[in-house]
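Accompanying notes for the structure given below.
Below you can see the structure in the form of structure tokens.
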């Protein structure tokens, strides 16, 4: 799909935790903030997030 960016959050063994699809004009930094918003409530034991980009 053109014009869209996908931000995907997985755990250490690759299980899907959350997915967000944004318009392509959203910067990766801003998309990551949207992806991580509210994450502490859903996963209270989450202690660290590693980020990999293109």
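In our numbering, the protein residues as written are 2 to 55. No residue lacks a Cβ here, since even glycine has one placed at the ideal position from N, Cα and C.
Pairing residue 36 with residue 10 gives a Cβ-Cβ distance under 8 Å. By the CB criterion at 8 Å, residue 26 and residue 18 fall outside the cutoff. For residue 18, the enclosing beta strand (DSSP E) covers residues 17-24. The DSSP-derived three-state label of residue 46 is coil.
Contact between residue 8 and residue 48 is ruled out by a C-beta separation of about 20 Å, above the 8 Å threshold.
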